[in-house]
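Protein chains in written order, with our numbering: chain A, 1 to 255; chain B, 256 to 510.
There are 2 protein chains.
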Amino acid sequence: METITSRENAKIKYACAVRDSEKQRAADGLFFAEGPKLCLELAKSCTPRAMYATAAALAKTPELAQFDPAEIAPHVAEKLSGTKSNQGVFALFETPVPPADTLDTARRILMLEGVQDPGNVGTLLRSAAAFGFDAVVLGPGCASPLSPKTLRSSMGAAGRLPTLHSDDLPAALAALRARGVTTLATALYRSRPLDEAGNDFPGGLCVVIGSEGQGLTDRTVEACDMAVRIPMTDRVESLNAAVAGSVLLWHFRGV
Amino acid sequence: METITSRENAKIKYACAVRDSEKQRAADGLFFAEGPKLCLELAKSCTPRAMYATAAALAKTPELAQFDPAEIAPHVAEKLSGTKSNQGVFALFETPVPPADTLDTARRILMLEGVQDPGNVGTLLRSAAAFGFDAVVLGPGCASPLSPKTLRSSMGAAGRLPTLHSDDLPAALAALRARGVTTLATALYRSRPLDEAGNDFPGGLCVVIGSEGQGLTDRTVEACDMAVRIPMTDRVESLNAAVAGSVLLWHFRGV
Numbered sequence: 001m002e003t004i005t006s007r008e009n010a011k012i013k014y015a016c017a018v019r020d021s022e023k024q025r026a027a028d029g030l031f032f033a034e035g036p037k038l039c040l041e042l043a044k045s046c047t048p049r050a051m052y053a054t055a056a057a058l059a060k061t062p063e064l065a066q067f068d069p070a071e072i073a074p075h076v077a078e079k080l081s082g083t084k085s086n087q088g089v090f091a092l093f094e095t096p097v098p099p100a101d102t103l104d105t106a107r108r109i110l111m112l113e114g115v116q117d118p119g120n121v122g123t124l125l126r127s128a129a130a131f132g133f134d135a136v137v138l139g140p141g142c143a144s145p146l147s148p149k150t151l152r153s154s155m156g157a158a159g160r161l162p163t164l165h166s167d168d169l170p171a172a173l174a175a176l177r178a179r180g181v182t183t184l185a186t187a188l189y190r191s192r193p194l195d196e197a198g199n200d201f202p203g204g205l206c207v208v209i210g211s212e213g214q215g216l217t218d219r220t221v222e223a224c225d226m227a228v229r230i231p232m233t234d235r236v237e238s239l240n241a242a243v244a245g246s247v248l249l250w251h252f253r254g255v
Numbered sequence: 256m257e258t259i260t261s262r263e264n265a266k267i268k269y270a271c272a273v274r275d276s277e278k279q280r281a282a283d284g285l286f287f288a289e290g291p292k293l294c295l296e297l298a299k300s301c302t303p304r305a306m307y308a309t310a311a312a313l314a315k316t317p318e319l320a321q322f323d324p325a326e327i328a329p330h331v332a333e334k335l336s337g338t339k340s341n342q343g344v345f346a347l348f349e350t351p352v353p354p355a356d357t358l359d360t361a362r363r364i365l366m367l368e369g370v371q372d373p374g375n376v377g378t379l380l381r382s383a384a385a386f387g388f389d390a391v392v393l394g395p396g397c398a399s400p401l402s403p404k405t406l407r408s409s410m411g412a413a414g415r416l417p418t419l420h421s422d423d424l425p426a427a428l429a430a431l432r433a434r435g436v437t438t439l440a441t442a443l444y445r446s447r448p449l450d451e452a453g454n455d456f457p458g459g460l461c462v463v464i465g466s467e468g469q470g471l472t473d474r475t476v477e478a479c480d481m482a483v484r485i486p487m488t489d490r491v492e493s494l495n496a497a498v499a500g501s502v503l504l505w506h507f508r509g510v
């Protein structure tokens, strides 16, 4: 097997473009992942299109061989990673396409609006998968679910949870309500404590979460059945956004 | 009022030493905080020893004037912040000293072991304060609760929650059990689902959380009454550490 030794190799440059550009990812239906653990985890639910690994990485994680990785020199791994302290494993995966009827059938849906921080988006995807949510809808202003930073936080959950985009959350919420899904906005003010939302949602449940600083837009809150908040002591002003969202997902895990 | 214009000013150099060195913080009983919002929040529960602000920052947040900040030039603010995009407000606060009987009286205690990431420690302090915990015990290997990164995540909660250090968590757990506190270790394996822990802890509760990668040491798990885990689907291997801990704190908020 020939080792890729040039940082200018066309395949390597292409992988970097997929890594860096949401546009490239969307156009080609591919995303880029780094690290042996993450790549093996993603491979359980996504189809790998190409894999690159250093000889040292392949020796350390022999099960990567099943994906027939192209061998790369350490300085090529540095280019792919952007850091010297990388683990020498990189892959391009096909972006999973959610079934067309996802929003018509999902029973527990997480919806995000304006969650810009990739770490928060990734952590929320991971919690949603852990607590049995069926689908995620990303509204305007959210970090890409398949950027390298988001993938690092989601630890591969993005591959296992149908994830859709919507430019018009109020319209998406109206469609969910029309088929009997209860829609809950989260808001610090003009909202009721979580417990008052009950735990009986025969038509399904959609939880809508905004950013830590801005919260949800008025239009989105008004499009929901109810606004809820997590009761807190007066010792803090707010919770970390990913924590607040995850507590909600946990709270509604059994509905 | 004279403006501090030299980056070599002795007070500025001292503030940087407190910012960077846990040893300096411990020796002098002070810690360093950055940002108008955080400094105002901390001032509600901690005594400010010195405050530094640029003219622009003071104009933007006039309520800082009550702390009689020394005016600093923008390039001095850059030195204190380490970044150009700082908000021009810095303070040294006295480290709060927990009451001597904290562990003899606290009813809800969070204990951390080996949580190295300052963001996770800060987020957990914030969640503990939000959900009514009384005290935090930091065991070996934890990030400092008063480092700049931890403060950023805790958003001032560190000032409102008695925080102690312990080099011997099994001994601390034995002392808590001796006075009737139920001690729960969190562990992914050889543990029971959270619900089985019940919700009746007449003598109080201590929840012990380890790092995401390593978990708790065997000695610490063995020193507890029970090991619990958060039930999850098989779609993820684990949760983010701060999320997992916060879900536990939320779960036991009312006990």
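Positions of the beta carbon are idealized from the N, C-alpha and C atoms, including for glycine.
Would a check of beta-carbon distances place residue i closer than 9 Å to chain A?
i, result
"residue 358 (chain B)", "no"
"residue 420 (chain B)", "no"
"residue 330 (chain B)", "no"
"residue 451 (chain B)", "no"
"residue 446 (chain B)", "no"
"residue 350 (chain B)", "no"
"residue 488 (chain B)", "yes"
Assuming residue i and residue j make a contact with CB atoms under 8 Å, what is their CB distance in whole Å?
i, j, result
"residue 280 (chain B)", "residue 350 (chain B)", "7 Å"
"residue 287 (chain B)", "residue 270 (chain B)", "6 Å"
"residue 370 (chain B)", "residue 496 (chain B)", "7 Å"
"residue 289 (chain B)", "residue 403 (chain B)", "6 Å"
"residue 221 (chain A)", "residue 252 (chain A)", "That belief does not hold up - the Cβ atoms of residue 221 (chain A) and residue 252 (chain A) are roughly 18 Å apart, past 8 Å."
"residue 69 (chain A)", "residue 56 (chain A)", "With 8 Å as the limit, residue 69 (chain A) and residue 56 (chain A) do not qualify as a contact, their Cβ atoms being about 12 Å apart."
"residue 169 (chain A)", "residue 139 (chain A)", "4 Å"
"residue 121 (chain A)", "residue 501 (chain B)", "About 17 Å; that fails the 8 Å criterion."
"residue 93 (chain A)", "residue 48 (chain A)", "5 Å"
"residue 143 (chain A)", "residue 118 (chain A)", "4 Å"
"residue 468 (chain B)", "residue 443 (chain B)", "In fact, because the Cβ distance is near 11 Å, the residues do not count as touching under 8 Å."
What residues are listed by DSSP as bridge partners for residue i?
i, result
"residue 165 (chain A)", "A:138"
"residue 95 (chain A)", "For residue 95 (chain A), which the question treats as bridged, DSSP gives no partner whatsoever."
"residue 71 (chain A)", "A:53"
"residue 252 (chain A)", "Paired residue(s): none; residue 252 (chain A) is not in a bridge."
"residue 148 (chain A)", "In DSSP, residue 148 (chain A) forms no bridge with anything."
"residue 76 (chain A)", "Residue 76 (chain A) pairs with nothing; no bridge assigned."
"residue 206 (chain A)", "A:109 and A:183"
"residue 33 (chain A)", "A:91"
"residue 228 (chain A)", "A:186 and A:192"
"residue 215 (chain A)", "A:211"
"residue 259 (chain B)", "B:327"
"residue 303 (chain B)", "B:348"
Would you say residue i faces chain B, with C-beta separation under 9 Å as the test?
i, result
"residue 160 (chain A)", "yes"
"residue 34 (chain A)", "no"
"residue 230 (chain A)", "yes"
"residue 157 (chain A)", "yes"
"residue 211 (chain A)", "no"
"residue 153 (chain A)", "yes"
"residue 262 (chain A)", "The question about residue 262 (chain A) has no answer here: the residues shown for chain A are numbered 1 through 255."
"residue 177 (chain A)", "no"
"residue 253 (chain A)", "yes"
Does the count of Cβ pairs from the region 485-493 of chain B and the region 381-392 of chain B closer than 8 Å reach three? no
Mind checking the region 235-249 of chain A against chain B and listing, in chain order, the residues whose C-beta falls within less than 8 Å of any C-beta there? Within the region 235-249 of chain A, the qualifying residues are 235, 236, 237, 238, 239, 240, 242, 243, 246 and 247.
Are the region 378-385 of chain B and the region 397-409 of chain B touching by the rule of at least three beta carbon pairs closer than 8 Å? yes
Check whether the region 101-112 of chain A and the region 176-191 of chain A are in contact - that is, three or more C-beta pairs closer than 8 Å. A contact exists between the region 101-112 of chain A and the region 176-191 of chain A.
Residues of the region 118-151 of chain A with Cβ closer than 8 Å to any Cβ of chain B, in chain order: Going along the region 118-151 of chain A in chain order, one finds 123, 126, 127, 129, 130, 131 and 132 with a Cβ nearer than 8 Å to chain B.
Is it a yes or a no for the region 258-268 of chain B touching the region 321-330 of chain B, going by three-plus beta-carbon pairs under 8 Å? yes
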